[in-house]
Amino acid sequence: MSELLAEPTPSSLTDHLARVQALLVYQIICLFDGDDHQRSIAERRIPTLMSWSSQMLECARISSEYIQLAQSGHGPQEPRQEALWKAWILGESVRRTWMIRTTIVAVYELLKWGRTSCAGGVKFTARAGLWEAPTAQRWVAACQQQDVLFLSGADANRLFVQTRPNEVDEFVHFILTVIFGLEAVVTWVRNTGYSQTGTTEDGLYTSLTFEEPRYRLCDDDSEAAA
Numbered sequence: 001m002s003e004l005l006a007e008p009t010p011s012s013l014t015d016h017l018a019r020v021q022a023l024l025v026y027q028i029i030c031l032f033d034g035d036d037h038q039r040s041i042a043e044r045r046i047p048t049l050m051s052w053s054s055q056m057l058e059c060a061r062i063s064s065e066y067i068q069l070a071q072s073g074h075g076p077q078e079p080r081q082e083a084l085w086k087a088w089i090l091g092e093s094v095r096r097t098w099m100i101r102t103t104i105v106a107v108y109e110l111l112k113w114g115r116t117s118c119a120g121g122v123k124f125t126a127r128a129g130l131w132e133a134p135t136a137q138r139w140v141a142a143c144q145q146q147d148v149l150f151l152s153g154a155d156a157n158r159l160f161v162q163t164r165p166n167e168v169d170e171f172v173h174f175i176l177t178v179i180f181g182l183e184a185v186v187t188w189v190r191n192t193g194y195s196q197t198g199t200t201e202d203g204l205y206t207s208l209t210f211e212e213p214r215y216r217l218c219d220d221d222s223e224a225a226a
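Numbering-wise, UniProt numbering puts 16 at position 16 of the sequence shown, and it's gapless, one number per residue.
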């Protein structure tokens with residue numbers, strides 16, 4: 001871990017992502033460990049994790065790396081789809097890593113102090129089946145069959161009325177549980193929703209963009225938001 005902390009600031013989005021994920025795994029283990037010493041060390045590294053995550057998100061927002069991936073296919077349809085798929089994987093990995101980071105820190109601070117300053121939420125893709133798509137062609141087909149459900153945590157409550165549970169990604173089930181509580185998710189599972197219309201290719205490019213995080217204050221009377 002000391003070697004990771006001593007490394008210079010990455011220059012690429014993929015390196016930013018790898019650095020944050022490595023520290024995040026370490027933090028999850030230590031923050032919720034029964035060893036007081038390890039937990040104390042992890043607490044002191046929360047600011048570093050927050051700083052690295054912000055740098056990662058800023059790199060994603062201003063960098064053209066993921067856009068270049070999406071636009072690199074100018075020939076046949078298949079290479080263009082491949083580039084778009086890989087760009088989405090990179091972008092969605094950044095989003096989900098940010099969400100896990102904010103969730104873990106918020107939950108830990110709520111458990112310890114009953115209050116946390118929410119770091120802000122980013123938009124994410126909620127549609128089931130996209131993350132598991134084995135090929136670019138399967139991914140594009142899945143996107144075009146139904147709306148990819150690209151939304152923010154602040155708008156996530158619409159999933160309860162507009163979708164069925166099996167239409168939503170397993171990761172998003174976890175996020176919904178954190179935001180709204182287990183009871184709300186269980187109630188939703190007992191109900192039915194309706195399918196969405198497909199997403200155009202222009203809509204897929206929209207899901208590659210990054211915005212500034214949306215901020216709000218979380219306390220023990222409200223669920224921690226990703």
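A virtual CB, placed ideally from N, CA and C, is assigned to each residue, including glycine.
- Comparing C-alpha distances from Ser11 to each of Glu58, Ile46, Ile29 and Ser2 shows the shortest one belongs to Glu58.
- In the DSSP annotation of this structure, the continuous segment of the alpha helix (DSSP H) that includes Arg190 starts and ends at Leu182 to Arg190.
- Within the same chain, Cβ atoms closer than 6 angstroms to the Cβ of Trp85 are found at Ala136 and Trp139, the five residues on either side in sequence being excluded.
- Counting of Cβ neighbours within 10 angstroms places Met1 among the exposed residues, the total staying below 16.
- Contact check between the stretch 44-53 and the stretch 120-135: fewer than three CB pairs, one atom from each, fall below 8 angstroms, which does not count as touching.
- Less than 8 angstroms separates the beta-carbon of Ile100 from that of Leu24.
- When DSSP states are grouped into helix, strand and coil, Leu130 belongs to the coil group.
- The stretch 147-163 and the stretch 126-135 touch, with three or more beta-carbon pairs separated by less than 8 angstroms.
- Within a 10 Å sphere around the beta-carbon of Ile29 sit fewer than 16 other beta-carbons, which makes this residue exposed.
- If you compare the alpha carbons of Gln27, Ala184, Ala133 and Val105 with that of Leu159, the shortest gap goes to Ala184.
- The alpha-carbon of Asp33 is positioned some 41 angstroms away from that of Glu82.
- In this structure Glu170 is exposed. Its beta-carbon is surrounded by fewer than 16 other beta-carbon atoms within 10 angstroms.
- Look at Arg101 here: in three-state DSSP terms it is helix.
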